[in-house]
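Below is one structure, written out as structure tokens; the observations come after it.
Numbering (my numbering), first residue to last: 1 to 446.
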């Protein structure tokens, strides 16, 4: 029986996924004057910064120099959120902090609603693709109303898992040993002392040795803007997030492990004697699943050599951040962290093979596993997304195919928007953009 659609939409650009890459792509396309539709499975946008609850703007500034390397939408979002405390390095070096995740959800809603060329659907997700030759003809979207047929000129896959690319038949790859998933959580009423971090670590090791905590890393315990509130990242669950059975099991295991970690601290760490579990992220965080095999595969060698590309459309600076599927104490890794100087991300790494009207941005772009451990972070993904959105709009307006798009024109357009490659801008440091705003009110998010 043929699929029955509840309706058909024909935007110029369809963005699938409203995480960091999707926000960049949606605003990049809509602000370029083409009709844009965003489809997001959650009831809000933001991805890892909201749905997972990660409070860090990883990758916005070069760790070695504090120089801003991701501008455009990522920097706009950071500044409009109020930046971070001037002394935020005591929370996480060179990682400006989103001080209010609920305020970030509201700000993203307002940024999307402000664009006249933009429409967006929450609680909707892509569930199929129909191809005509080398082009995607229809993307099938499911929500409570049923199935919706979307027939865009260009599709931007920001699903994180390369769903659209895979379902359209574009080549993808998935490493034999995927990086683990992590659930993040917050704890309140914790006393700040010089010993609290070492005590937390020792208690977690003992819980692991007793068999109460299968895997962990760190753990990272960060005091946030509230003096007694801590953000915890240290849960590690092995799973393939493209397998719904494994993903479900990982969500369940992540919550079990978060509570095991919390209860170990309650029992053994004096600073947690009166602590309470505030919440965990709405969903577990995924580092890696499928990636496209694009027209250029970015490698770790190119990253560590800080390679420059003629078609550079974004800049990365995060270290090679490979998480193993086992317990590690102190660091997220067993091996030394490799910290590159800022490096280019080429447009070709967003271009899948075999499908001419599809771009892929975020952690599922074309890169080796180790290279993607650097490019996957929030602001780098958002910068890739913005470039993809602008490229999609340029292709629509010029009636060009994506592989044949003039990369010089793309770079120039991004530079005019204060976005694009690090090398296209004058130096600026993160400290020039720091503001202090605690307890943000809705009217401050205009």
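Cβ coordinates follow ideal geometry from the N, Cα and C atoms, glycine included.
Segment limits, beta strand (DSSP E) that includes residue i
| i | result |
| --- | --- |
| residue 7 | 5-9 |
| residue 314 | 312-316 |
| residue 222 | 216-223 |
| residue 149 | 146-150 |
| residue 278 | 276-280 |
| residue 344 | 343-346 |
| residue 359 | 358-360 |
Spatially closest choice to residue i from the options, by CA coordinates
| i | options | result |
| --- | --- | --- |
| residue 155 | 236, 389 and 203 | 389 |
| residue 211 | 198, 199, 222 and 256 | 256 |
| residue 106 | 49, 279 and 320 | 49 |
| residue 242 | 350, 234, 162 and 190 | 162 |
| residue 231 | 190, 247, 410 and 395 | 190 |
| residue 301 | 19, 371 and 327 | 371 |
| residue 36 | 308, 195 and 28 | 28 |
| residue 8 | 18, 79 and 146 | 146 |
| residue 403 | 392, 412 and 188 | 392 |
| residue 151 | 160, 52, 144 and 139 | 139 |
| residue 450 | 121, 134 and 131 | Limits of the chain in this structure are 1 at one end and 446 at the other, which puts residue 450 out of reach. |
| residue 308 | 344, 104 and 286 | 344 |
| residue 166 | 376, 366 and 411 | 366 |
| residue 31 | 197, 60 and 111 | 111 |
| residue 304 | 221, 374 and 268 | 374 |
| residue 113 | 399, 197, 164 and 23 | 23 |
| residue 133 | 104, 398, 420 and 168 | 168 |
| residue 419 | 60, 33 and 13 | 60 |
Endpoints, alpha helix (DSSP H) assigned at residue i
| i | result |
| --- | --- |
| residue 383 | 378-398 |
| residue 414 | 407-416 |
| residue 204 | 196-209 |
| residue 370 | 369-375 |
| residue 299 | Per DSSP, residue 299 belongs to no alpha helix (DSSP H) and is neither H nor E. |
Cβ neighbours of residue i in the same chain (closer than 8 Å, five flanking residues each side left out)
| i | result |
| --- | --- |
| residue 259 | 277 |
| residue 187 | 229, 230, 232, 262, 265, 272, 275, 276, 277 and 278 |
| residue 4 | 146 and 147 |
| residue 137 | 130, 131 and 151 |
| residue 197 | 221 |
Cutoff 7 Å; reference residue i; Cβ partners in own chain excluding five residues on either side
| i | result |
| --- | --- |
| residue 25 | 15, 156, 158, 361, 385, 386, 388 and 389 |
| residue 239 | 181, 246, 247, 249 and 250 |
| residue 170 | 292, 352, 353, 354, 355 and 358 |
| residue 2 | none |
| residue 286 | 160, 181 and 241 |
| residue 58 | 95, 318, 377, 378 and 379 |
| residue 193 | 271 |
| residue 6 | 145, 146, 147 and 148 |
| residue 409 | 394 |
| residue 421 | 312, 313, 314, 315, 344 and 411 |
9 Å Cβ cutoff met for residue i and residue j
| i | j | result |
| --- | --- | --- |
| residue 346 | residue 298 | yes |
| residue 129 | residue 39 | no |
| residue 11 | residue 153 | yes |
| residue 323 | residue 236 | yes |
| residue 417 | residue 349 | no |
| residue 71 | residue 172 | no |
| residue 148 | residue 119 | no |
| residue 364 | residue 342 | no |
| residue 21 | residue 327 | no |
| residue 203 | residue 102 | no |
| residue 281 | residue 54 | yes |
| residue 76 | residue 179 | no |
Beta-carbon proximity list for residue i, same chain, < 6 Å, skipping 5 on both sides
| i | result |
| --- | --- |
| residue 108 | 45 and 46 |
| residue 251 | 284 |
| residue 462 | Lying before the first or after the last residue shown, residue 462 is absent from the chain, which here runs from 1 to 446. |
| residue 41 | 125 |
| residue 62 | 69, 317 and 342 |
| residue 18 | 38, 40 and 45 |
| residue 407 | 311 and 347 |
| residue 314 | 345, 383, 384 and 387 |
(request) Please list the segments of the beta strand (DSSP E) lying wholly inside the region 9-71, counting only runs of 3 or more residues, in order along the chain. (result) 13-16 and 36-39
(request) Give, in chain order, every unbroken run of the alpha helix (DSSP H) that is at least 4 residues long and sits entirely within the region 95-128. (result) 101-113
(message) Report the start-end ranges of each beta strand (DSSP E) in the region 126-192 that is 3 residues or longer and not cut off at the edges.
(response) 135-143, 146-150, 154-157 and 184-188
(request) Just list the beta strand (DSSP E) runs in the region 231-255, keeping only unbroken ones of 3 residues or longer that don't cross its boundaries, in chain order. (result) none
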